[in-house]
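One structure is given here, and the rest of the page talks about it.
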Amino acid sequence: MTASEQDFLNNPLGTKTTLEDVLDAFEFLDDWEERYAYIIDLGKQLPAFPDDGRIEENYVHGCQSQVWLIHHFDEASGKLYLLIDSDAMIVRGLAAIILVALNGKAPRELLTTDIDELFEQLDLFRHISPTRGNGLRAMVSKIRDIAATEAA
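Counted the way UniProt numbering counts, the sequence shown spans residues 1 to 152.
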């Protein structure tokens, strides 16, 4: 299966599921056990990832788990669309949070989004392992590199 333009455009993360939805859920949920379950549920919203996208070029280095990231730049709208996949459920959920914040934005807008502020607002780094935190940073770094290339 190869990802089509529609696969990118139909990704609900960042469109149907918004950053406000995630922030509201985190505020509503009382403890981190419930928040972890919510993060895992978010990961279940990730669209199918094409098998031919699991290649070295798309591999996100620096993650504890296996993570792949592909993108599509829609010239008509000037927006960057992303698909991410991982072999770990919690990482899929963390990737979904990144997508909610960054998917479907113009590259320059994406580059100015303060994702660290979001992670701080959600208090993620205090509740995930340091290696998971490094993986989050690696995903964001790869997305920013893609955005910088598309913005040029």
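Idealized CB from N, CA, C, for every residue including glycine.
{"Check": "Own chain, CB closer than 7 angstroms to arginine 54, minus 5 neighbours either side, in chain order", "Outcome": "Trp68"}
{"Check": "Cut-off 6 angstroms between Cβ atoms - residues of its own chain near aspartate 85, not counting five sequence neighbours on either side", "Outcome": "Phe49, Trp68"}
{"Check": "Helix, strand or coil at leucine 13 according to DSSP, with G and I counted as helix", "Outcome": "strand"}
{"Check": "Sequence ranges, beta strand (DSSP E) only - wholly within the UniProt domain \"Fe-S metabolism associated\" (24-145), length at least 3", "Outcome": "67-74, 79-86"}
{"Check": "Cβ neighbour criterion (16 or more within 10 Å) applied to phenylalanine 28", "Outcome": "exposed"}
{"Check": "Whole-Å CB distance - glutamine 45 paired with glycine 135, under 8 angstroms assumed", "Outcome": "With a Cβ gap of about 19 angstroms, glutamine 45 and glycine 135 do not count as contacting."}
{"Check": "Helix, strand or coil at threonine 149 [DSSP, three-state]", "Outcome": "helix"}
{"Check": "Nearest to leucine 23 (by Cα), restricted to the options Asp145, Ser129, Ile128, Leu122", "Outcome": "Leu122"}
{"Check": "Same chain, Cβ closer than 8 angstroms to glutamate 5, five either side skipped, listed in chain order", "Outcome": "His72, Asp74"}
{"Check": "Supposed close pair arginine 92, alanine 151 - CB separation, criterion 8 angstroms", "Outcome": "Between alanine 151 and arginine 92 the Cβ distance is about 27 angstroms, and since that is not below 8 angstroms, they are no contact."}
{"Check": "Between the CA atoms of alanine 101 and aspartate 145 - distance to the nearest angstrom", "Outcome": "16 angstroms"}
{"Check": "Where threonine 17 falls, given that 16 or more other Cβ within 10 Å makes a residue buried", "Outcome": "buried"}
{"Check": "Burial state of arginine 132, where buried means 16 or more other Cβ atoms lie within 10 Å", "Outcome": "buried"}
{"Check": "Classification of alanine 148 by the beta-carbon crowding that lies within 10 angstroms, buried from 16 upward", "Outcome": "exposed"}
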